[in-house]
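The sequence shown maps to residues 2 to 338 in my numbering.
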Amino acid sequence: MIRIALDACGGDFGPEVTVAAAVEALRLRPDVEIILCALSDPREKPGNRAARRVSNRLLFEPCETVLDSGVGPVAAIRAGQGSSVGKAMALHADGRADACVSAGSTTALMTLGMKMLGMLPGVKRPALMSKLPSASGDTVLLDLGANLEVSAEQLVQFALMGLVVRGQDDDRAPRIGLLNVGHEDSKGHSVVREAHGRLQDLPLNYRGFIEGNDIFSGEVDIAVCDGFTGNLVLKSSEGLARMLFGALKNAMFSSWRSKLGAAMAGPALRGLVARFDPAKHNGAPLLGLDGVVVKSHGSSRVPATRQAILEACDEAGKQVPDTIRALIEQHKAEIEQ
2 MIRIALDACG GDFGPEVTVA AAVEALRLRP DVEIILCALS DPREKPGNRA
52 ARRVSNRLLF EPCETVLDSG VGPVAAIRAG QGSSVGKAMA LHADGRADAC
102 VSAGSTTALM TLGMKMLGML PGVKRPALMS KLPSASGDTV LLDLGANLEV
152 SAEQLVQFAL MGLVVRGQDD DRAPRIGLLN VGHEDSKGHS VVREAHGRLQ
202 DLPLNYRGFI EGNDIFSGEV DIAVCDGFTG NLVLKSSEGL ARMLFGALKN
252 AMFSSWRSKL GAAMAGPALR GLVARFDPAK HNGAPLLGLD GVVVKSHGSS
302 RVPATRQAIL EACDEAGKQV PDTIRALIEQ HKAEIEQ
């Protein structure tokens with residue numbers, strides 16, 4: 002049985018969303034238990050009949066406070082296990098849960114994760130990762146904002162951690178690319194050029210520098226960058242997807258002719274929307290910690306929150322931290338050269 006510690010109060014909507022998402026996740030995964038970390042037991046609130054139906058696998062752990070989204074590292078540590086996210090992290094650190102999920106402050110989640118779980122041996126800093134839709138399936142992108150500035154050594158570690166999450170294809174090793182302002186070896190600042198050289202020396206399917214459009218064209222399976230760049234890519238792509246689907250919806254219902262066309266193309270359009278829906282890709286693992294920690298988007302509704310919980314279930318089931326530990330140790334000499 003996989004047990005997930007869920008910060009039920011994190012994010013913009015708190016228990017209103019997290020409890021419903023937890024119930025849906027439990028229905029999909031009969032091998033999972035979820036611990037709700039909240040100020041009061043949300044299962045007892047009127048209208049939560051669905052939660053009571055799965056009460057044997059939906060548990061409750063009380064906390065004292067909820068951290069604001071803008072909380073700093075010092076305040077997060079000071080609150081410690083008293084906060085909902087701190088309680089969830091402590092349950093994971095104590096071995097009472099196999100993973101921690103929160104839609105709260107990224108700063109608090111990262112700070113408490115580093116303090117309570119610690120880093121994997123040899124890993125300098127954690128990295129946030131997500132999967133973006135591309136022409137060839139999904140592209141793993143990291144870092145997404147945990148590290149605004151990075152070293153060449155960290156970028157190499159990010160590539161190896163992304164390799165673990167992406168997994169192997171049957172016919173080839175995953176293709177890795179380093180995000181830059183051009184494909185030429187002379188482009189970019191000194192850090193990416195140094196990382197480029199180190200990645201070339203590793204026995205990986207490294208394709209060299211890539212540009213932003215290559216993330217979505219299917220040229221690579223793993224795109225590596227610093228957190229500043231990755232966060233801009235992620236937020237821009239999410240905003241573009243929402244704008245395009247909004248414009249498409251307006252166009253489809255602008256006249257009776259367009260409505261007729263939309264009805265005929267309905268199944269294909271629904272599949273397209275589902276493919277690029279940001280909620281389908283919610284749940285960013287914080288890789289490099291000695292545990293499984295997944296960050297959900299602060300504005301997540303039920304489907305997106307459910308996806309983050311399921312992502313944590315998958316990470317815990319595959320024992321991702323142990324695989325990262327082994328891969329970092331295997332390439333320790335090349336990373337630290």
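Just so it is clear, CB atoms sit at the ideal spot from N, CA and C, and this is done for glycine as well. Everything numeric in this text was worked out from a predicted model, so none of it was measured.
- Item | Assumed close pair Ala9, Val20 - CB separation to whole angstroms, cut-off 8 Å | The residue labelled residue 9 in the question sits at position 8 within the sequence shown. The residue labelled residue 20 in the question sits at position 19 within the sequence shown. Contact holds; Cβ gap of about 6 Å.
- Query: Count the other CB atoms within 10 Å of the CB of Thr107; is the residue buried (16 or more) or exposed (fewer)?
  - Reply: Residue 107 sits at position 106 when you count from the first residue of the sequence shown. Flag for Thr107 reads buried.
- What's the C-alpha gap between Ser191 and Val182? Taking the first residue of the sequence shown as 1, we reach residue 191 at position 190. Taking the first residue of the sequence shown as 1, we reach residue 182 at position 181. So the two alpha carbons sit approximately 13 Å from each other.
- Task: Have a look at Gly87 and Leu261 and give me their C-alpha separation to the nearest angstrom.
- Result: For the purposes of this step, residue 87 is taken as the residue at position 86 of the sequence shown. For the purposes of this step, residue 261 is taken as the residue at position 260 of the sequence shown. Taking the straight line from one Cα to the other gives about 52 Å.
- Message: Using only the alpha-carbon positions, how far apart do Met244 and Pro304 sit?
- Response: Taking the sequence shown and counting its residues from 1, one reaches residue 244 at position 243. Taking the sequence shown and counting its residues from 1, one reaches residue 304 at position 303. Approximately 20 Å between the Cα atoms of the pair.
- Does the pairing of the region 249–257 with the region 229–239 give three or more beta-carbon distances under 8 Å? no
- Can you check DSSP and say which residues form a bridge with Phe210? In the sequence shown, the residue the question calls residue 210 occupies position 209. Its beta-bridge partners are Leu179.
- Task: Give me whichever residues DSSP pairs with Ala39 in a beta bridge.
- Result: Stepping through the sequence shown from its first residue, residue 39 is reached at position 38. DSSP lists Pro63 as partners of Ala39.
- Name the two residues that bound the continuous beta strand (DSSP E) containing Pro304. Taking the first residue of the sequence shown as 1, we reach residue 304 at position 303. Not the beta strand (DSSP E): Pro304 falls in the alpha helix (DSSP H), residues 303–319.
- Message: Quick check on Lys250: does DSSP put it in helix, strand or coil?
- Response: Numbered from 1 along the sequence shown, position 249 holds the residue referred to as residue 250. It is helical.
- Message: Please state whether the Cβ-Cβ distance between Leu142 and Ser152 is less than 8 Å.
- Response: Translated into positions along the sequence shown, residue 142 becomes position 141. Translated into positions along the sequence shown, residue 152 becomes position 151. Going by C-beta atoms, Leu142 is not nearer than 8 Å to Ser152.
- Check whether the region 88–107 touches the region 118–129, counting contact only when three or more Cβ pairs, one atom from each stretch, lie closer than 8 Å. yes
- Query: Thinking C-alpha only, which one of Asp202, Gly123, His282, Asp42 is nearest Gly138?
  - Reply: For the purposes of this step, residue 138 is taken as the residue at position 137 of the sequence shown. Ranking Asp202, Gly123, His282, Asp42 by Cα distance to Gly138 puts His282 first.
- Query: If you count every other CB in all the chains shown that lies within 10 Å of the CB of Leu149, and 16 or more means buried, which is it?
  - Reply: To locate residue 149, count along the sequence shown from 1; it is residue 148. By the neighbour-count rule (16 or more Cβ atoms within 10 Å), Leu149 is not buried but exposed.
- Task: Grab me the residues of Ala80's own chain with a C-beta within less than 7 Å of its C-beta, minus the 5 sequence neighbours each way, in chain order.
- Result: As a first step, residue 80 is located in the sequence shown; it is residue number 79 there, counting from the start. Excluding positions up to five away in sequence, the list reads Thr66, Leu68, Gly87.
- Message: Are the CB atoms of His298 and Ala104 within a distance shorter than 8 Å?
- Response: Numbered from 1 along the sequence shown, position 103 holds the residue referred to as residue 104. Numbered from 1 along the sequence shown, position 297 holds the residue referred to as residue 298. The answer is yes: Cβ separation under 8 Å.
- Item | Whole alpha helix (DSSP H) elements within the region 120–172, 4-residue minimum | 153–167
- Start-to-end residues for the beta strand (DSSP E) that takes in Arg97: Looking up residue 97 in the sequence shown gives position 96. No beta strand (DSSP E) contains Arg97, which DSSP labels as neither H nor E.
- One or two residues paired with Pro286 in a DSSP bridge: Here the question's residue 286 lines up with position 285 in the sequence shown. In the DSSP output, where bridge partners are listed per residue, Pro286 has Val295.
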